[in-house]
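Asks: This is the structure I have questions about; it appears just below.
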Amino acid sequence: MKELFQLLKEGNKSALTAAIVNVLVSVIKGATYIFTGNVAMFAETLHSLGDAANQFFVFVGSALSKKRPTKRFPNGFGRVVNLVLLGAVLVVGIMAFETIKEGISHIFHPTESTGFVINLVVLAVCTILESFVLVKAMREITHDVGLESHGLNLFKDSIANFGKAKAATRLVFLEDSVATGGGLLAMIAIIISHYTPYHQAEGIASALIGIMMFIVVGKVFLDNAAGAIGESDEGMQVQIGQLVMSDPDVQDIQVIKVLKEGDFYHVDVEVELNPALTLAEVDDIKDRLEESILQVPHVVDVLVSFDEDDAIRNWQYGDGR
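Written as structure tokens, this is what we have:
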């Protein structure tokens, strides 16, 4: 139990913050829906409820993925976060289906809802809360790549570096982008429905929110299915390859593999050396390369092997010298 609490301290903070905020938001929206019967509010309630459950499981999964390797699982538990995310998207998928179904029903059988002012106020407050979580996720994305961005640069840099962020952070970013956008869409629909006889607007908004949720489901599923199987990271391969080639004794790289498991990387590299080097010199090179590669963030283990230089260039990305 002590180990579990220790691991939870290392869980993804943006996921935990998002889960807490979305629990509060879903309760507020749900109570408002019960009193007003607004279908756009119903869509937002399910959306926030799904996000809350999703992000809580993501937080737990990201924490468990930090568990140290054991004899039974020598490669560690990095893929746990991918497996949890695959399960989490099922929750969002179910909520998305119910949201779309309710929206279509309201399009064909529109009804006028009540509580115009309270609906707008609740949606505005909840959208602001969700936007704070979105900004936190943006900051975490830029922090992961070593940037300290502010203002409009934060938005631009988080989009540009989205693919480099941790899996849990990417999910929070996607879900709260949809939550913020969905809140604004629901507010527009409520205004249209109140000031015009076009009450189908709320149903259309509900269906669109559900479709946006399905887009998140598809994106998260594809990303984490690859992660659960075990995918190579080409960007990290180039970075580590350039680091290896910057060593003065390395002539070429024969093979380099960087396997991503959750937020961690396993590196396997075969380098070519001058065959005239002594065994002691080769051993020093091995220690030097392993030490420098392990300093790269999120690299947890390195396997370095050697071959004699064949005078044929294999590495094609520059040598970093």
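For the sequence shown, the UniProt record's numbering assigns the number 1 to the initial residue and increments by one for each residue that follows. Ideal placement from N, C-alpha and C gives every residue a C-beta, glycine not left out.
(1) Taking the alpha carbon of residue 15 as the reference point, which residue from 105, 285, 61 and 72 has its own alpha carbon closest?
(2) Which residues in the same chain as residue 320 place their Cβ atom closer than 7 Å to its Cβ, once the five residues preceding and following it in sequence are excluded?
(3) With a threshold of 16 other CB atoms inside 10 Å of the CB of residue 117, please say whether the residue is buried or exposed.
(4) So for residue 312, helix, strand or coil by DSSP?
(5) Give the list of continuous alpha helix (DSSP H) stretches no shorter than 4 residues that lie fully inside the stretch 144–215.
(6) With a threshold of 7 Å on Cβ separation, who are the neighbours of residue 289 within its own chain once the five nearest residues in sequence on each side are excluded?
(7) Kindly confirm or deny that the stretch 39–56 and the stretch 17–30 touch, where touching means at least three C-beta pairs closer than 8 Å.
(8) DSSP puts residue 129 in a beta bridge; with which residues?
(9) Assign residue 101 to one of two classes, buried (16 or more other C-beta atoms within 10 Å of its C-beta) or exposed (fewer than that).
(10) Give, in chain order, every unbroken run of the alpha helix (DSSP H) that is at least 4 residues long and sits entirely within the UniProt domain "Cation efflux protein cytoplasmic" (239–304).
(11) Which of the three DSSP states, helix, strand or coil, is assigned to residue 307?
(12) Apart from the five residues just before and just after residue 40, which ones in its own chain have a Cβ nearer than 7 Å to its Cβ?
(13) Which full runs of the alpha helix (DSSP H) of 4+ residues lie inside the stretch 71–133, going along the chain?
(14) Roughly how many angstroms separate the alpha carbons of residue 225 and residue 275, rounded to a whole number?
(15) Can you tell me where the alpha helix (DSSP H) with residue 30 in it begins and where it stops?
(16) When DSSP builds the beta bridges, which residues end up paired with residue 231?
(17) Going by other Cβ atoms of all chains shown within 10 Å of its Cβ, with 16 needed for buried, is residue 308 buried or exposed?
(18) Would you kindly work out how many angstroms separate the C-alpha atoms of residue 133 and residue 176, rounded to a whole number?
(19) Tell me whether the beta-carbon of residue 172 lies closer than 9 Å to the beta-carbon of residue 55.
(20) Residues in its own chain within less than 6 Å of residue 89 by CB, not counting five upstream and five downstream?
(21) Less than 9 Å separating the beta-carbons of residue 231 and residue 254?
(22) Just to confirm, is the Cβ distance from residue 228 to residue 7 under 9 Å?
(23) From this set, 233, 198, 174 and 113, which residue's C-alpha is nearest residue 214's C-alpha?
(24) Would you say residue 322 and residue 170 are within 9 Å of each other, going by their C-beta atoms?
(25) Between 138, 148 and 180, which has its C-alpha nearest residue 165's C-alpha?
(26) Closest to residue 82 by CA distance: which of 315, 159, 260 and 109 is it?
(27) Taking 9 Å as the cut-off, decide whether the C-beta atoms of residue 267 and residue 258 are in contact.
(28) Between the C-alpha atoms of residue 107 and residue 150, what's the straight-line distance to the nearest angstrom?
(29) Using the Cα positions of residue 115 and residue 182, report the straight-line distance between them to the nearest angstrom.
(30) Report all residues from its chain with a CB closer than 7 Å to the CB of residue 292; omit the five preceding and five following residues, and keep chain order.
(31) As a quick exercise: from 92, 27, 71 and 283, pick the residue whose alpha carbon is nearest that of residue 123.
Replies: The answer reads as follows:
(1) 61
(2) Because residue 320 carries a pLDDT of 49, less than 50, the predicted location of this residue cannot be relied on, and no value is offered for it.
(3) exposed
(4) coil
(5) 152–160 and 167–195
(6) 244, 247 and 304
(7) yes
(8) DSSP output for residue 129 lists no bridge partner at all.
(9) exposed
(10) 279–294
(11) strand
(12) 186, 189, 190, 202, 205 and 206
(13) 80–108
(14) 43 Å
(15) 13–36
(16) 260
(17) exposed
(18) 7 Å
(19) yes
(20) 217, 220 and 221
(21) no
(22) no
(23) 174
(24) In this structure the chain extends from 1 to 321, so residue 322 is not present and cannot be described.
(25) 138
(26) 260
(27) yes
(28) 41 Å
(29) 19 Å
(30) 243
(31) 27
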